[in-house]
Every structure is written in structure tokens, then in C-alpha cells.
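Respectively, the protein sequence lines represent chains C and S. Reminder that position 72 of the first sequence reads as 72 in the numbering used here, one-by-one numbering, no gaps. Reminder that position 4 of the second sequence reads as 4 in the numbering used here, one-by-one numbering, no gaps. A virtual CB, placed ideally from N, CA and C, is assigned to each residue, including glycine.
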Amino acid sequence: MSGIDLSQFHQVFFEESFEGLDVMENGLLGLDIGNVDNETINDIFRAAHSIKGGGGTFGFSSVSDFTHVVETLLDEIRAGQRAITREYVDLFLSSVDCLRTMLTELQDGQEPDLTGPNKLKEKFEAVLETPSQTSVEPDAEPTTEGGSEKVNDSKGWAITFIPGADICRTGNEPYRIINELEGLGELTTQCHVDSIPDYDAMEPEQMFLYWHFKLISDCSLEDVKSPFDWVEDESELTFTPLSEESVQLDEQEPTSDAQFAAQEMTTQAQPEPIQVQADDAQTQKESLSPQAPVAAQKKTVKPESQSIRVGIDKVDSLINMVGELVITQSMLGQLGRDFHMDRLHRLQEGLTQLEHHTRELQESVMRIRMLPISFSFSRFPRLVRDLSSKLGKKVDLVLLGENTELDKTVMEKIGDPLVHMVRNSLDHGLETPEKRKASGKSEVGTLTLNAYHHGGNIIIEIIDDGAGINEEKILSKAIENGLVAPTDSLTPEQVQDLIFHPGFSTADEISDVSGRGVGMDVVRRNIQALNGSVEVHSVPGEGSTFKIRLPLTLAILDGQLVRVGPETYILPLVSIVESIQIDPTLVNSVGGGFEVYRLRNEYVPIIRLFDVMNVEPDSQTLSDGLLVVVEGENKKVGFVIDDLLAQQQVVIKSLESNYKKVEGISGATILGDGTVALILDITGLIQVAGIKASTLNQLKELEKSAQGDEAA
Amino acid sequence: MEAELENAIEETGESEQYLTFIMADEEYGVDILSVQEIRGWEPCTQIPNSPSFMKGVINLRGTIVPIIDLRERFGLKTVEYSPTTVVIVLKLETEKGNRVSGIVVDAVSDVYTLAKKDMKDAPNIGEKMNVSFIKGLINVNDKMVILLELETLVGTDEIENFAEIASMVSKNSVAE
Chain C
1 MSGIDLSQFH QVFFEESFEG LDVMENGLLG LDIGNVDNET INDIFRAAHS
51 IKGGGGTFGF SSVSDFTHVV ETLLDEIRAG QRAITREYVD LFLSSVDCLR
101 TMLTELQDGQ EPDLTGPNKL KEKFEAVLET PSQTSVEPDA EPTTEGGSEK
151 VNDSKGWAIT FIPGADICRT GNEPYRIINE LEGLGELTTQ CHVDSIPDYD
201 AMEPEQMFLY WHFKLISDCS LEDVKSPFDW VEDESELTFT PLSEESVQLD
251 EQEPTSDAQF AAQEMTTQAQ PEPIQVQADD AQTQKESLSP QAPVAAQKKT
301 VKPESQSIRV GIDKVDSLIN MVGELVITQS MLGQLGRDFH MDRLHRLQEG
351 LTQLEHHTRE LQESVMRIRM LPISFSFSRF PRLVRDLSSK LGKKVDLVLL
401 GENTELDKTV MEKIGDPLVH MVRNSLDHGL ETPEKRKASG KSEVGTLTLN
451 AYHHGGNIII EIIDDGAGIN EEKILSKAIE NGLVAPTDSL TPEQVQDLIF
501 HPGFSTADEI SDVSGRGVGM DVVRRNIQAL NGSVEVHSVP GEGSTFKIRL
551 PLTLAILDGQ LVRVGPETYI LPLVSIVESI QIDPTLVNSV GGGFEVYRLR
601 NEYVPIIRLF DVMNVEPDSQ TLSDGLLVVV EGENKKVGFV IDDLLAQQQV
651 VIKSLESNYK KVEGISGATI LGDGTVALIL DITGLIQVAG IKASTLNQLK
701 ELEKSAQGDE AA
Chain S
1 MEAELENAIE ETGESEQYLT FIMADEEYGV DILSVQEIRG WEPCTQIPNS
51 PSFMKGVINL RGTIVPIIDL RERFGLKTVE YSPTTVVIVL KLETEKGNRV
101 SGIVVDAVSD VYTLAKKDMK DAPNIGEKMN VSFIKGLINV NDKMVILLEL
151 ETLVGTDEIE NFAEIASMVS KNSVAE
């Protein structure tokens with residue numbers, strides 16, 4: 001090869017291949033058997049073809065060999081020699097899984113384990129050997145029919161290669177092709193220069209050469225063709241087995257005729273879809289089996305550097321913004337060189353402009369990290385399809401709000417919890433068709449994934465129309481586990497909330513409970529780690545809704561600066577309910593040294609921030625300070641502070657990278673004057689302040705009695 | 001002396017450069033390769049419920065860097081910070097990647113090239129004294145220099161131990 005280090009392109013190849021696999025998967029899932037859209041098949045074929053070609057070029061022969069059989073079958077389907085059946089779709093889907101595993105392994109720098117691929121390959125080969133019954137075989141020339149034909153009597157091939165004039169412009173080097181051919185066997189090359197025009201008429205970027213090759217090798221037609229994969233569309237190619245006399249030099253690539261004929265024939269012969277439930281489950285299991293090793297191998301460490309694909313429009317707007325910023329900067333610089341007080345307003349104007357541009361720039365940069373949530377949703381059609389047929393349930397998956405944008409990091413971290421919740425909904429939420437019929441619902445259950453923006457948050461809902469959570473069973477389980485005292489009276493919300501309790505996670509006997517609960521505590525923990533929250537709402541018999549609330553981005557926060565003594569802290573603006581001047585008459589003390597503030601119909605526990613933070617406050621009495629009522633994890637508390645300062649967007653910096661996690665502090669940021677301010681973590685602070693659920697329960701009771709008083 | 005040292009280094013081939021600083025009239029040394037920069041003392045942002053030697057965090061060109069007062073860390077008498085009080089910013093390689101932290105010392109002194117074989121182990125004075133942060137003792141120009149083991153001095157575990165105790169104490173006091 002031409003001495004270029006190809007390994008620098010490997011990452012791009014992997015990314016493109018993964019994208020290609022996604023295309024294949026989506027295409028396959030979208031296939032309506034019996035009414036196949038040729039364009040879809042073509043898309044799938046093209047994706048497979050690119051992976052194969054790339055694999056060959058970069059020397060990943062395991063990938064290209066495996067994709068080759070997939071491509072061959074696809075090609076026959078594309079050409080109409082076979083009708084696509086459910087069996088094929090499953091086969092293709094498992095091959096997609098298989099390729100994904102292989103590519104992941106290669107990406108991690110390992111040699112792929114070929115046992116799975118080889119088994120699948122054998123399956124493909126078996127399929128390819130049995131001629132399809134549903135299509136009529138056109139009388140194609142024997143040498144040109146599909147690539148299944150491995151055997152070749154001839155000692156080699158005579159190849160004519162007349163490249164299109166523009167071949168070099170598309171980046172295809174004949175040199176590479178010749179090199180690859182040479183790798184197949186003994187190659188004799190004859191280059192023809194007779195079509196080179198006069199020097200004046202010659203275009204330096206065009207190709208005027210053509211070649212005759214004689215290849216002594218026992219390889220198959222497919223092998224010989226593969227070097228030409230990238231150029232076959234724009235070149236004239238002929239392949240003639242050497243045992244015959246190579247005379248038909250001017251003939252076109254013979255396959256095209258045959259394909260054309262085949263296509264015509266199959267339009268009349270409608271393919272028979274095979275659709276028996278039992279069979280389906282069978283094939284499903286088979287196709288699932290190669291996934292098992294995938295799960296086991298996923299644990300290997302992924303390479304550190306990740307890349308992100310950004311739309312060119314986003315980059316353009318960024319460049320524009322930077323241009324504006326440079327202009328503003330030079331304007332301010334000019335102003336500063338000889339400054340008079342009478343130009344003050346111009347300076348102020350300039351600074352406003354600078355602020356404006358900086359904010360816009362910040363937003364644009366953030367937008368680069370934003371991806372539509374469809375990246376995360378796209379795996380669910382497959383998951384639901386596989387799982388529902390495994391469970392024997394009929395499920396209709398509805399995806400809404402797929403274009404809702406979300407930070408890439410958040411998206412990556414929410415992926416697994418989402419999968420878990422969808423599996424849960426399918427497994428425990430939706431009933432079997434029989435049960436659904438019995439309770440008067442349609443046999444097909446609906447699972448809806450909905451995403452939308454709400455304030456500074458993104459909301460993801462997982463809605464099923466299943467049986468809902470069985471509160472009684474949850475409650476009895478909770479009492480059994482000692483989580484709840486039998487005398488406690490819990491609201492339905494509190495009972496439903498129990499499924500997120502760690503005690504409900506591991507017990508396998510919970511599987512006889514029709515409610516959810518397996519691993520939901522992990523889900524909640526993961527979501528809370530992202531500063532999000534998850535809640536459940538369930539109506540027995542009608543279904544459950546899980547609502548995940550996540551911040552749009554992890555890097556920037558709308559903050560309220562508060563002052564406590566000499567220190568400045570930042571409270572996330574979203575968590576602030578209200579800020580009030582403290583009226584001492586509304587402060588009551590509860591036993592155990594707690595104070596609560598009566599806020600309309602609620603009692604809000606008071607936390608003196610300076611106590612928790614160990615700093616000296618300005619305000620000696622409560623009435624000197626301000627009470628900021630914040631909400632964290634559905635608990636309201638009031639922080640006593642000295643003063644409210646500005647509201648501003650802050651960039652979150654990690655304390656952990658150089659220090660460690662501090663309880664009650666979610667991170668730090670750098671203020672305008674260069675000093676560091678700590679960002680408060682409300683849930684953590686509540687814990688630090690020692691407010692336990694029990695005290696809150698006491699408060700609830702107080703509240704109830706207060707409401708009763710008022711009513712009386 | 002210098003020549004002797006040079007010879008010794010040539011013989012063994014093992015030498016290290018140390019940056020030394022003065023604290024309460026004693027000279028301490030740290031591996032110069034882990035020194036990122038030296039800067040003047042500036043006020044920090046306190047971290048709640050942290051041990052007293054943890055002065056807080058500063059903004060070092062966009063990175064949040066914790067600052068440790070080495071006098072307090074060693075249980076020496078604290079002094080008022082003066083214009084000559086310096087912060088040595090250290091960069092340590094750990095399993096979790098690079099960690100940057102700063103130590104407050106009285107004044108920076110010198111840079112020495114020292115042969116490894118001349119280094120004496122830290123004396124063991126019973127279990128009560130924690131000498132794990134001392135890498136060794138060495139004589140330079142008839143003066144003793146204490147070489148510090150940075151990993152244990154500003155590493156995660158130690159800070160965590162102290163912080164845990166501190167947070168436990170504060171929790172108890174809140175609960176009371």
C-alpha cells in the first residue's frame with residue numbers, strides 16, 4: 001500500500017460501521033414482510049457493503065469475511081432471487097449483533113472471538129445453499145449467479161478494468177486495487193495507454209489508462225471482485241474464468257442482466273411471509289443466543305477518547321460568534337488605548353455587547369454537546385421486539401419527542417437506567433394477551449416513551465397501559481421486610497415510592513409480585529447522580545407512568561448566589577421555591593431541637609446554613625436573616641442565610657478531581673472576581689443536617705392536624 | 001562535597017532533584033518533578049466540615065485546587081501568613097489520574113541534586129508518631145533535610161480519613 005498509516009482512520013471506520021449497523025438494524029426492524037420496500041433493502045445492503053469494504057481496506061478480514069456472507073444473501077434478496085422472510089430478518093439481526101461485538105472487540109484492540117461469527121456464517125451459508133422456493137430462478141449465466149458459488153474450476157481469471165475518467169477524483173487508487181489483486185495470486189498486468197489524448201487535451205486529474213489483468217489463483221469470483229468494490233459503479237469490468245478463452249473483452253459485467261431479469265420475475269411471484277407465533281419464538285431464541293457473549297464482554301474498558309459528530313450548521317454559528325467576539329474585543333481594545341471619561345457610555349455598551357456575545361458563544365458550545373434523544377431511543381424498538389416475543393406479549397412501542405435534545409453525557413448515563421425501566425415495564429407492567437383480553441383491554445399493550453423539555457429540565461416518561469402497581473402486595477412485602485410498620489398509614493404515592501427502596505431490589509421472591517421493583521433503587525440512584533429525579537404514578541388496572549426528570553446539561557447551572565457570613569454559596573435556581581423574610585411568630589420548635597417555619601399550610605423545617613457549614617453568620621437572630629425555601633427529593637426545607645446576591649449561570653467544576661466529595665456540596669465554580677464558590681447540594685445538605693424521613697413524617701402529621709384545625 | 005556528591009551520583013547513577021523549603025527552621029524537600037509551580041499565598045474558599053489544616057480551595061486558572069497548611073498538618077505552631085508565605089503547587093500521579101494540590105510553607109529555599117543511596121530511613125519512634133509521610137532524611141552541607149512522601153502527605157486516603165472524622169464530629173454535633 002501507499003505507505004499511509006491506515007490506523008489513524010480506524011476510529012472513523014468503527015464509528016461509521018456502528019452507524020451502518022444502526023442503519024441496518026433500523027431498516028430490518030422497519031421491514032414490513034410481504035410488502036418489502038426495495039429502497040430499505042438497498043439501504044441495508046449499502047450499509048453492509050460499506051462495512052465489508054472498510055473492513056477489507058483496513059485489514060479487518062474477520063469483519064469483511066463475515067459481512068461477505070451477509071451481503072451475499074442481501075444481494076440475492078435485493079436482486080429478487082429470494083423473498084425476504086422473518087427467518088432471514090432474524091438472521092440478519094443476529095448478524096448485526098455479531099458484527100457489533102466483533103467491531104467492539106477490534107476497537108478495544110482485541111482479536112475478535114470468531115466462534116459466534118463462524119456459527120452464524122455457517123447458518124448463512126446453509127441458507128445460501130438452499131435455493132429459495134419463493135422466487136423463480138431466472139436462467140442466468142452460471143458463473144454470475146450469487147456469491148454462494150465458491151467452487152471454481154478455472155485456474156484463474158482474466159479481468160478487464162476500464163475505469164471511469166473521474167475515478168481518481170473519488171479517491172480510488174488503481175494502485176490499491178492492483179495491490180489487492182496481487183495478494184490473491186499470481187498477477188500479470190497489462191496497462192493500455194492507447195486512449196491517452198494529446199498532451200494539450202490531457203486533464204491531469206483524469207484517468208486515461210485501462211488494464212488487462214491475468215490472475216492465476218483458485219479464488220472465487222467474489223474474491224476477485226472485492227478489490228473493485230469501490231469502483232464497480234463507475235468502471236467497466238469483466239471477469240472471465242481463465243479456463244475459457246478470454247475473448248469477450250468488451251462485454252459488460254454479466255451480472256447486471258441477470259439481476260434485471262430476476263427483478264422482473266419476482267415482482268410477479270409474491271413472497272410468502274412465514275408468520276407462526278411458535279416458530280417465531282423459536283427463531284427468536286436462536287437469534288438471541290449470540291447476544292449472551294456480548295453482555296459478558298461489554299465489561300472491557302472502552303478507549304478513553306470519544307468523539308462527537310456535530311452538524312456543520314452548529315460549527316458555522318460558532319465561528320460566526322467567535323468572529324463577533326473578536327470584533328468586540330478589538331473595539332474595546334481601541335477604546336481602552338486612549339480613554340476619556342466622556343466615552344464611558346461607549347465602554348459600557350461594549351461591555352454589554354461582550355456579555356451578550358459570550359453568552360451566545362456559551363450557548364452554541366453547549367449546543368454542540370446536545371444530541372437528539374433518538375440516539376438513546378433508537379435501541380428500544382429492537383429491545384421491545386426481542387423481549388416481547390420472548391415473554392409472549394404483544395406490545396406496540398410508541399416513541400414521542402425523539403428530537404428533544406439532551407447533553408451527550410447525560411444521554412450516555414441515562415441509557416442503562418432507561419433500558420432497565422423499559423424491561424421492567426414489559427416484564428412486570430404489561431400483561432399477557434390472555435390477561436389483557438380477560439380484563440377487557442385490547443390484546444396489544446402500548447408502551448410509550450415520551451421526551452420533552454420542561455423548564456431547565458428534560459422529562460422522559462415511560463408509560464405503559466398494563467396492570468399498574470399492586471399496592472397491597474408492595475405494602476405487605478414492605479411490612480414483611482420491616483420497612484414499614486403495620487400500623488403506618490401510607491398514601492398511595494408513598495406505597496408506590498417503596499419500589500425504589502433498596503430493600504426491594506435484590507429479593508428474587510419479588511418476581512411473584514406483579515408490581516415493579518427489581519433494581520429500581522439502582523435506577524433511582526443513577527438518576528440522582530445526574531441531579532435528576534424519578535417518580536412513579538400508577539393506577540391499578542390502567543397502567544403506570546414513570547417520570548424521569550433530568551437537567552439538560554451537567555456542565556452549567558442556573559445559580560442563585562447567597563451569602564452566609566463571609567462565604568458565598570450557590571443554590572441551584574431550579575430547586576428554589578421561594579425566598580421570604582422570616583416572621584418570628586411563624587417559627588415553631590419541634591421536640592429534638594428542630595425548628596419549623598409555617599409556610600401557609602405547610603411546615604418547613606429550618607436549617608441554619610451557617611451551622612451546617614461551620615461559618616460565623618452576620619445575623620444573630622432568625623428575623624435578621626432570610627429564609628430560602630428549597631425543594632429536594634420532594635422534601636421542602638428552609639435555609640437561613642444572610643443575604644441573597646445575584647442570579648447567574650455558573651460553570652460547574654469538580655471538587656473531586658483534586659480533592660474529594662464533600663457532603664452537602666455538589667461542586668464548585670469560579671465567580672467573576674476569580675474566587676471559588678461552592679455549589680450546594682440540597683439533598684446532601686438535608687442529610688448532613690440530620691433530617692431523617694421520620695422527622696418529616698412527624699411534620700406531615702402536624703400538617704394534617706393544622707389543616708384540620710383550620711377546617712374547624 | 002559537591003565533587004563527592006557528583007562522584008556518588010556517577011557511581012550509582014541514581015539521583016533525584018529536590019526542591020526544599022523552610023518551615024519552623026527545618027528544611028524539607030519534595031521531589032522537584034512533582035512541583036507544578038510556586039505562588040504567593042492568597043485567600044481561599046473554605047470547605048465546610050473539613051479538617052483544620054485544609055485551608056480551602058483556590059482557582060488555579062480554572063481548576064479547583066485544595067490548599068493544605070503544612071504547619072497545621074504537622075502539628076506545628078501556626079503563624080500569620082506574610083508576604084513571603086508561599087504555596088507550592090504539587091502535581092501527583094495517582095490511579096485516578098493527576099491530582100493537583102497546594103501546600104502552604106514559610107519560604108522556598110533551594111534545589112539540591114541528591115543521591116538515593118545517601119538517603120537514610122525515617123527513624124521509627126514508636127507507634128504513636130506517624131512517620132509515613134517522611135520518605136527519608138539526608139544530609140546536605142551538614143544540615144539535615146527531611147524528604148517528604150507526597151502520596152501520603154496530600155494523597156486521597158489521608159485527607160479522607162481526616163475529613164471523615166471531621167464530618168462525623170460535625171454530624172454528631174448537629175444531631176445533638
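Mind pulling the chain S residues with CB within less than 7 Å of residue i?
i, result
"Met613 (chain C)", "Pro48"
Please state whether DSSP places residue i in a helix, a strand or coil.
i, result
"Cys98 (chain C)", "helix"
"Leu221 (chain C)", "helix"
"Lys117 (chain S)", "helix"
"Gly56 (chain S)", "strand"
"His501 (chain C)", "coil"
"Lys653 (chain C)", "strand"
"Lys477 (chain C)", "helix"
"Arg563 (chain C)", "strand"
"Glu728 (chain C)", "Past the boundaries of the shown model lies residue 728 (chain C); chain C is included only from 1 to 712, so the question cannot be answered."
"Lys441 (chain C)", "coil"
"Asp465 (chain C)", "coil"
"Val410 (chain C)", "helix"
"Val231 (chain C)", "coil"
"Leu483 (chain C)", "coil"
For the alpha helix (DSSP H) containing residue i, name the first residue and the last one.
i, result
"Arg46 (chain C)", "Asn38 to Thr57"
"Phe377 (chain C)", "Ser374 to Phe377"
"Lys121 (chain C)", "Thr115 to Glu129"
"Asp22 (chain C)", "His10 to Gly30"
Check whether the Cβ atoms of residue i and residue j sit closer than 8 Å, and answer yes or no.
i, j, result
"Ile44 (chain C)", "Arg86 (chain C)", "no"
"Ser544 (chain C)", "Gly466 (chain C)", "yes"
"Ile548 (chain C)", "Ile459 (chain C)", "yes"
"Val395 (chain C)", "Leu361 (chain C)", "no"
"Asn450 (chain C)", "Ile469 (chain C)", "no"
"Phe21 (chain S)", "Ile88 (chain S)", "yes"
"Ile414 (chain C)", "Ser374 (chain C)", "no"
"Pro117 (chain C)", "Ser62 (chain C)", "yes"
"Phe53 (chain S)", "Asp31 (chain S)", "no"
"Ala555 (chain C)", "Val495 (chain C)", "no"
"Ile167 (chain C)", "Val224 (chain C)", "no"
"Leu397 (chain C)", "Leu447 (chain C)", "yes"
"Gly667 (chain C)", "Ser654 (chain C)", "yes"
Can you list the residues of chain C that residue i reaches, using a CB-CB cut of under 8 Å?
i, result
"Thr113 (chain S)", "Ordered by position in chain C, no residue passes the 8 Å Cβ test against Thr113 (chain S), which lies about 29 Å from the chain."
"Ser34 (chain S)", "By Cβ distance, chain C contributes nothing, its closest Cβ being about 14 Å from Ser34 (chain S), past 8 Å."
Looking at the unbroken beta strand (DSSP E) that takes in residue i, where does it start and where does it end?
i, result
"His454 (chain C)", "Gly445 to His454"
"Tyr602 (chain C)", "According to the sequence displayed, residue 602 (chain C) carries Glu and not Tyr. Run containing Glu602 (chain C): Glu602 to Arg608, per the beta strand (DSSP E) assignment."
"Glu16 (chain S)", "Ser15 to Met23"
"Asn139 (chain S)", "Ile134 to Val140"
"Thr328 (chain C)", "Thr328 (chain C) -> not in any beta strand (DSSP E); alpha helix (DSSP H) instead, spanning Ile312 to Arg337."
"Thr94 (chain S)", "Val86 to Thr94"
"Thr545 (chain C)", "Gly543 to Pro551"
"Thr238 (chain C)", "Glu236 to Pro241"
"His537 (chain C)", "Ser533 to Val539"
Taking residue i as the query, report the chain C residues whose CB atoms sit under 9 Å from its CB, ordered along the chain.
i, result
"Thr45 (chain S)", "Glu567, Thr568, Ala668, Thr675, Val676, Ala677 and Leu678"
Which chain S residues are close to residue i, counting only those with a beta carbon under 8 Å from its beta carbon?
i, result
"Thr659 (chain C)", "According to the sequence as given, residue 659 (chain C) is Tyr; it is not Thr. Result: Ile47, Val57, Ile64, Pro66, Ser101 and Ile159."
"Val662 (chain C)", "Ile47, Pro48, Asn49, Ser50 and Ala163"
"Lys653 (chain C)", "Gly62, Thr63 and Ile64"
So does the region 636-651 of chain C actually touch the region 601-621 of chain C, counting three or more Cβ pairs closer than 8 Å?
At 8 Å Cβ cutoff, the stretches touch.
Is it true that the region 595-603 of chain C meets the region 653-668 of chain C, where meeting means three or more beta-carbon pairs spaced less than 8 Å apart?
Result no; under three Cβ-Cβ pairs closer than 8 Å.
Report yes or no: do the region 610-623 of chain C and the region 556-567 of chain C share at least 3 C-beta pairs separated by less than 8 Å?
Touching, yes.
Three or more beta-carbon pairs under 8 Å between the region 14-23 of chain C and the region 97-111 of chain C, yes or no?
They touch, by the three-pair rule.
Taking 8 Å as the cut-off, does the region 115-123 of chain S touch the region 45-62 of chain S (at least 3 CB pairs, one atom from each stretch)?
As far as the Cβ criterion goes, the region 45-62 of chain S does not touch the region 115-123 of chain S, which means the pair count is below three.
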